[in-house]
Every structure is written in structure tokens, then in C-alpha cells.
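Here is the structure we will look at.
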Amino acid sequence: MAIDSTETGFETNIEDSLIACGYTKRTLEGEASRLFKKYALDVEQLFSFLEETQEKSMRALERAYGSSYKEKVLNRICSQLQKQGVIYCLRHGIKDRGVTLKLIYNKPPTTMNQLMNDLYSKNRFTVSRQVYYSDRHNNSLDMVLFVNGLPLVVKELKNPLTGQTVEDAMKQLKFDRDPNEQLFKFNERVVVYFAVDPDEVFMTTELKKAKTYFLPFNRGNEGGKGNKPVYNNYRTYYLWEEILIPDSLLDILFRFVFVKKDDILDSNGETIGERKALIFPRFHQLDVVRKLEKDVQMKSVGQNYLIQHSAGSGKTNSISWLSHRLAKLHDEENNAVFSSVIVITDRRVLDKQLQDAVYQLEHKAGMVERINKDSNQLAQAINGETRIIITTLQKFPFILEKVSDLDRKKYAVIIDEAHSSQGGKASTALTNILSDKTLEDAYEEDRIAEENLDNLDEQIVETIMKSGKQDNVSFFAFTATPKPKTLEKFGTVGTDGKPHAFHEYTMRQAIEEGFILDVLSNYTTYKTFYKIAKQVDDDPMVSKKQATKKLAQYVSLHPHNIAQKTEIIIEHYRNFTRHKIGGRAKAMVVTASRLHAVRYKIAFDQYINKMGYEDLKTVVAFSGTVKDGEISYLESSMNGFSEKELPDKFNSDEYKILLVAEKYQTGFDEPLLHTMYVDKPLSGIKAVQTLSRLNRTCPGKDDTFVLDFVNEPEEIKASFQPYYEVTGLEEVTDPNILYDMQEELEPYQLFTEEEVKAVNELEIKGGFKKSTKAQTELNALIDKGVERFKNLEEEEKEAFKAAATKFVRTYGFILQIATFIDIELHKLYIYLNYLLRKLPRGSKDKDVYVADDVALQYYRNQKVFEGSIELEKSGGVELKPTSYGAGAAVEEEKVRLSSVLDKLNERFGTEFTEVDFLSRDQVKEDMLKSEDIQQKAKNNTKDNFKFAFEKSFMDFVIDRMGSNEKFFMKILENEEFKEFIMEDMMNEVYSEMNR
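Mapping of the sequence shown onto UniProt numbering: position 148 corresponds to residue 148, and the numbering continues sequentially without gaps.
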């Protein structure tokens, strides 16, 4: 028998599979076809469903409308579909003359309600092929899936065996389907359009001709795009055998799909309209939510789950759907599985989107509450069993005493972007609050056989058990970049004994599918060459490590360094970036510190004003107050608007470049962000998170660009590689290392067993109440250890500090990942927490100041790399567990300042020209040595000093003319340059004279 390799054969196989799953084959022809072209509904099926399921309502409408009631009802249904949208009408029905007509019945959560189950069974699922939808042309759709006469799913099918692929299907939907046809109007009839071939699936929820945006709906193939080969079936079989079967489709329609609404803002941030998008889950989102729900139903509460989904993969929607489903989850006895679902996030966008999505899915106000006041609000929300609570991680350490008497119930905790901070005290505090485990439960579960525990020890055991895994709390941790600690705490242990993510959607798959952009594909690095000169006669001994760090900081904050990079960045933006994304592209400058951000902001604005670039505005982001000499800076005052307005302001067309110091390097979604200028060392997770700010897609954005002044391409590649595919762990942390670390501490003889016990008695006695008397006793006990510490040699002090700090951190982490009870270790942990706070700072902690002794002599930026940083397809990477080696201190190497300078210059210097030679600092040094300038700086306000400074400035410049004529001639001839140099130098001289 010959093989049927046609597209028709492909259609037939899909149709047969759907019929086997509960669909009925239906051909639209004759009167059914005519009515479909007029109303974009299978009218016969619609009224058959209504008559069978809601006979009383139909008779009431017949009495109200008379013999033409069907036409009247049909017109009412069509008008409501147009006004309210198909999603709303499916969930809430159509109100008409005092009755409500249900268009569809969802599957009841239990079998207890026989009537609802009977109505559900009467839903009509039909599949039609070659559906003609208009009298204006002879176009037909390959396949349409109807539910009760509503054409909810459209599929365009292609078969590579006939020379066409899924790409052709997408083109057909884009260009051959008129969005003005009734059938294709947004959110009126069709919910989702699928482009399908035997290998891949893509989807969209709105047809907009060339602007139609398709998303992949594929399962993935070994960490990459597409679908795995399937034995004896198509690769895309899951679409019609799993996703579109009746129960699954209804579940998606009722509990996943929602309409996202975003405000359209003008350049002033004012709302001028609303943008709507119908959100249909992508495969990985649907898959993770359903698998998590199923696992909770099987294993109940008390499990941990790690979800490794790439940045930009839609975690906000995944968390919204998961929150709602967990809040609605019931056990076999119809009891709610969780009292509350607590979402921990720092993203404001999640608040509104989750509230909007849940309201559409549930249509109940008050199901979601954001904790934006204090811990009392959180306590009330938990006590009142608010279904979904959104809060920030920072709040948990402050709520212990507020909710210590909380009724113990069961909780789901969803963590947005889980990192090691969730493994520390804040998460322990949350676990303590939510836990209902008693001391007896702990004994039974872990078979602890100690019989003669005193009261103190019993309470310590209870504290330890509450800090670990709990039966009444389930954690769901979402992250794109899991650290080893995150894998150990939240991962699911596999057959190999190692923890793994419960679900993955890799960076590689997201990039290959075009859902996010590859931020490493256009990467350029610059290297800064400079030479520093010693400006003092003596050659002091300095710490090699700290002097090197301080000298590098001196160069990075030097006005000339910032001015040069400012010019490179702004001119690159104007000549390259601003033309991207239809002229709407934006850029981010990642600076090394808050002070760097402040100085860059000033330098950017000065350069923009100097060049007359009226179409370029900058905005800066940093936390708190930054002091530069005597001047204090706030983000809000530098920008001219409040901190909370920044995301919306930057999204408007007015602002083009965002300068950041830590803020907005993570969790900031701005699709128009195209270019990043990096002037900060980045490595590991921080590099991935920061550069991933660029990866969001939007119409017109087809690439990104990075200009990096600091990092090497090899370092960036090494940072991204572990998170490109599946991230695993080489081995798990062995709790027994705590005993090794305890042994490291004992030889120093800084504390006695009695002192450790006494400190713990004070800790336990206080409970949740703070005692000022206990503080007095605590200090007296700790001071004994502090005095002994003072008698140690410097090397011993540093070694003890390192070992004690490592013990405290490791113990706190191990409590989170393992059932581990050792009362003596816990007592030591409590004691060391207090002791470390009181130990005096050693010489290693003291700063080395070298800026007064050196001057920047030569400086140049040079491009050294341009191209793509290619990541390797390795099948995944296993991370090494966190290292817990010995804490012995390394003696700080002391060297001459001149040798540090020589090595820096050797590393960063090159062949310089006279143009590179800087003499600015020579003028500054002359002024600092001037007794006249010193006296005026110390005896006047800055404003008064400025007049005296400006009068003397040119005298000092002329005195130095012979050393670098080009530089000083520029000061004499260029008034703007002179003003810039003079203002900058005046601030520095005044600040240093008044230190």
C-alpha cells in the first residue's frame, strides 16, 4: 500500500485522534455554512446545546421575544461577545431578559454535584475541516475546533513532505486572514490560532497582518528548541492528544486564559489609552503549573520545588496561574489543601498582574492582598486566611513577635527569583511562623533518642526542627540562575541522590525559540590603558591587595576616566542605538558604585548640554543618599521626580539612557532596552542577571548590543555557560563538615562551655519578647570572649574570625537542606552569632588611602574584542557545592607603593602619546600645597571660596604651561573646558582641605 504523504493525510490523522478523545466530526455546509459566514458561529450546535441544557431559560426567552426568539437571542449573544469578549462570556454567560445563558460548562472539581456533572457532559466538542468563513472570497481554514458552536481554536496545518512547513502556516495566518473578518476579530470568537506541522507548533491570540506575533508552543529538544522525536508518532502529537482534548481545553479556558491590560502612557507618564492582550499559556508554563499541582495532590504539603525557567520566559504569568490553582486546590475530602498562598517577590509588576489575572479567573475581589504596610497587616492576612498574599522577603525578619501566637495551618510559599538569601534567617523566620510541628513530632520523625534533655535543650531542638523542612509548608522557588545552595534547599532528589530542578525551561531553548534574545551575540569589549605616577617623596609600605584595589578605584572615579567613557557611550548611543527598534531603543549604563552613578549622571548631563543634544535625556537609579565630598545626592532630586515614577518615566519616549548602581540590574523588564554599557566587574549569576535585562523581545527588536569596559569575553562566557542548559549539582553538602569546622575553633580557647550555655539560656528565656536586662547580661558574657580575643596574634585573630563566620553561615544553610539535630552545635551557633558582632576590627578591615599620594598620568580606551560570545551545547552543567575549607588567615603582604604602581602600569599601560598625558592633577597638587589656598578653603564657605579659587586658578595653570602645552592651551582657548576643569577641581580641593 502506498504512503499518503499529503497535507490531507496529516489532517485526517489529527481529526481521527481528536474524535477518539471526545470530539465529533462535523462538516459545515449548506445552511450551516451560510450561518457560519454570517455570525461566525455554528448556530445549529449552539442552539442544540442551549435547548438541551437550559430548556427553562430558553422557554422564558421564547415567551419574551415570540416566534423570532432565536434570532433575538443570537443577536444578543453576538453583541455581548463583541462588547465583553469571548473569554468573559465563556466564564460568566450571557444575560438576556432576566435570565443567564451559559455558553459552556466547566468540569466540576469533584463528582459530588451530580447536576453539574450532567451539564458538563452535555458540552458539544466538534471538529471541522476546510471551513469556509466568508462570502467575499473562497478561503478556507484547515481545521477549527468548536465548543457548543463557538469556534475557539483555529489550526493551520502544513506537511514538510509536500514542501511546506510551520513557517508557511504562520505566513498564511498573517497575510491571508483579514483581522476585520468577524471570525478573526480580537477576543470575539477565536481564542487561539495554532500553526502546526509534524515537527513544531507556534501560536498567537491576535491576527494583525504583518504585526502578528507568534510564540513557540514546543516541548523542547534536549535543552534546545523544537520537539524530541517520538516513537511511532509525530513530534507534535501532544497538541491534539493532550492539550486540546476536552478536559484540558476547558481547564485552559477557565483557569489559564486571561486578558492582560496595560496603560498606554504619553511622554509625561499620563495614561492616554489601554493596550489589551489575550494571554494563552505557552507549553512550558502550562506544563509546570499542571505538574506542580499534580505532585502536590499526590504528596500533599511539605515538599520543596525548584523551577528553573529562563529570564524573560514569562515567570510572572506562571506564578499568577500557580498561585490561583494552589489557592483553589482541594483534597479528596473537599478541604482546601493550603490556608494561604504567600508569594514573595520584589517586583511591583507582579502585584497588579496577579491581582488582575486572579480576578478574571475567579471574579472575586479580595482574593489577593499585597502587604505594603507593616507586619500587622501580614499577620491579619494570614490569620484571616486571605487566599493569596503578596509580600517582600525583607518583611519576614520583623514579623516574628507579631504573629508568634498565629494559628498553625498549611501554607504554600512561592518565591520569585530564589537565591541564597532565601536560605538564611529571613526564610527561617517565615518557616518558624508557619510551622505547626511539635517537639514530639520531631522526635518521632527523626528517631532522636536523647532522654535526659533539659528544658533549654528541648527548646533548641524545636527551633532546629522549625528551621528545616516542614510538613505544613510547601516552597515553590522560581529562578533562572540557581546557585548550589538553591539547588540543595529546593531541588528534588533524583535516583542519583542529587538534587535537581523539578521543571526546566532553559536559556538555550528560550533563545533558540526566539522568545528571548541572545545578549552575547553582539558583544564589544574595551580595555582601559593608564599610568599612575607617585606624587610623594617617600615610598610608604602598603597592603598590596588593598592598595591595588584602591588605586583601581581611584582611576575608575577619576574625572577624566568618567569623561572619556561618557563621550564614548553617548556618541555610540546617538550613532548606533537610537536608530534601533524604530527609533525607540533605550540603553542602560551599569556603574561600579552609587558614587560612580552620581558622577556619571553629572558627566552625562554636562556633555549633553555642551553638545546641544536636546533629544537625549538621562535618568539615574541608586538607593539612599550618596555623599561626594560635602555634597549629598538623592536619586529623586537628580532625576526631578520620585523614585516610584522611574520605571514609567523611563518607558516613555522622553528618557533614553538609564544609569544604574545595583538597582534595576535584576528583575527589571523593559523590552525597549537594547544596549548595555558595562563599567563594572561582573561574574557568575550577577553577570547573567544583569546582561539578561536586554533579552526581552518586542516588535521591531531583533538584536541587542553590549559595550563592556571592564570584563573579558572569556569571563562572561564562563558566567553564562552553567545556566545555558540544565543546571545540576556535582554533589550535596555533607552536614558532618560542621564538626570539622567546630574543631577549627576550639584551639583558640576563646569561650567556655558554661559561657555558651549561659548565652543560650538568655536567648531562649527571652522568647519573642525583647529584654533590656538580658542585653546587659549578654554583653557581660560576650565580653569575656572579646578580651581573650584581644590577646591573640594578628594572624590568629583573622583566622578565628574567618573560621567562626564560616561556621555560622554553613550551619544556617545546612539547617535549610537537611534534617540535622545537634544541640551543642546549635548552642555554639547562637553564641558565635553574638560574639562576632562584638569582636574588634583588625588591620585587615582598615582602609588604605592612596589617592593623595598618586596622580593619573596616562589614559586611553581601546577596543580589544568585537563579535559573538558563543556558548557550548553540552547538555547541561553541574555546579560545585559551596566550598567550606579551613578558615586560616593569609598574612597580608606589605609592599612599597611604587611597586604596586609599577605592576598596575605594567598591566594597564601601553605606548602613550603626548595627547594621553594628563596634567590636571599636577595643578591640583600645586593648589593643595599653597598656604594661601589652604587658608581660604578652611576659613570660608564653599561659595565664598569659589571666588578666590577662580581668581587663582589661571595663575597655577600658567605656571604649569611648560609641562604640557597642548593640555593647558585647551584650557586657555576653550571656555567650556576651562569651566568644567575649574569647577571639578574646586570641589576636590575644598573637600580635601576640610577633611
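C-beta atoms are modelled at their ideal positions from N, C-alpha and C, and glycine is treated no differently. Keep in mind that this is a model prediction, so the values were computed, not measured.
Reduced DSSP secondary structure (H/G/I, E/B, other) of residue i
| i | result |
| --- | --- |
| residue 371 | coil |
| residue 709 | coil |
| residue 9 | helix |
| residue 474 | strand |
| residue 28 | coil |
| residue 416 | strand |
| residue 783 | helix |
| residue 20 | helix |
| residue 504 | strand |
| residue 1077 | In this structure the chain extends from 1 to 995, so residue 1077 is not present and cannot be described. |
| residue 233 | strand |
| residue 715 | helix |
| residue 355 | helix |
| residue 521 | coil |
| residue 261 | strand |
| residue 343 | strand |
| residue 722 | helix |
| residue 151 | strand |
| residue 499 | strand |
| residue 750 | coil |
| residue 661 | coil |
| residue 291 | helix |
| residue 479 | strand |
| residue 655 | coil |
| residue 299 | helix |
| residue 226 | coil |
| residue 133 | coil |
Extent of the continuous alpha helix (DSSP H) to which residue i belongs
| i | result |
| --- | --- |
| residue 677 | No alpha helix (DSSP H) contains residue 677, which is instead part of the beta strand (DSSP E) from 673-679. |
| residue 606 | 594-611 |
| residue 53 | 43-53 |
| residue 566 | 559-575 |
| residue 486 | 484-490 |
| residue 948 | 942-959 |
| residue 690 | 684-691 |
| residue 936 | 931-939 |
| residue 668 | Run containing residue 668: none; DSSP gives neither H nor E here. |
| residue 735 | Here residue 735 belongs to no alpha helix (DSSP H), and DSSP marks it neither H nor E. |
| residue 253 | 246-255 |
Residue i - containing beta strand (DSSP E), residue span
| i | result |
| --- | --- |
| residue 140 | 140-147 |
| residue 304 | 304-309 |
| residue 316 | Run containing residue 316: none in the beta strand (DSSP E); it sits in the alpha helix (DSSP H), 315-328. |
| residue 618 | 618-621 |
| residue 830 | Run containing residue 830: none in the beta strand (DSSP E); it sits in the alpha helix (DSSP H), 823-838. |
| residue 390 | 388-391 |
| residue 586 | 586-591 |
Residue i beta carbon near the ligand SAH (any heavy atom closer than 7 Å)
| i | result |
| --- | --- |
| residue 559 | Although the ligand SAH was asked about, the structure shown includes no ligands whatsoever. |
Beta-bridge pairing of residue i - partner residues as DSSP gives them
| i | result |
| --- | --- |
| residue 336 | 330 |
| residue 632 | 627 |
| residue 202 | 195 and 216 |
| residue 275 | 262 |
| residue 1007 | Outside the shown range of the chain, which is 1 to 995, sits residue 1007, and nothing can be said about it. |
| residue 806 | None, per the DSSP bridge assignment. |
| residue 493 | 499 |
### Task
Could I get the ranges of all uninterrupted alpha helix (DSSP H) runs contained in the region 157-189, with 4 residues as the minimum, in chain order?
166-175
Counting only runs of 3+ residues fully inside the region 42-128, write out the beta strand (DSSP E) ranges in chain order. 94-96 and 99-101
Assess contact between the region 683-690 and the region 611-630, defined as three or more Cβ pairs (one per stretch) separated by less than 8 Å. Is contact present? no
Under 8 Å: do the region 86-97 and the region 48-67 share three or more Cβ pairs, one atom per stretch? yes
Any contact of the region 235-252 with the region 141-155, i.e. 3+ C-beta pairs under 8 Å? yes
Checklist line | Three-pair Cβ contact test at 8 Å for the region 506-524 versus the region 318-332 | finding: no
Within the chosen definition, does the region 771-785 reach the region 751-762 through at least 3 CB pairs nearer than 8 Å? yes
With a cut-off of 8 Å, do at least 3 Cβ pairs link the region 303-318 to the region 283-292?
-> yes
Checklist entry - Three or more beta-carbon pairs under 8 Å between the region 165-182 and the region 472-489, yes or no? => result no
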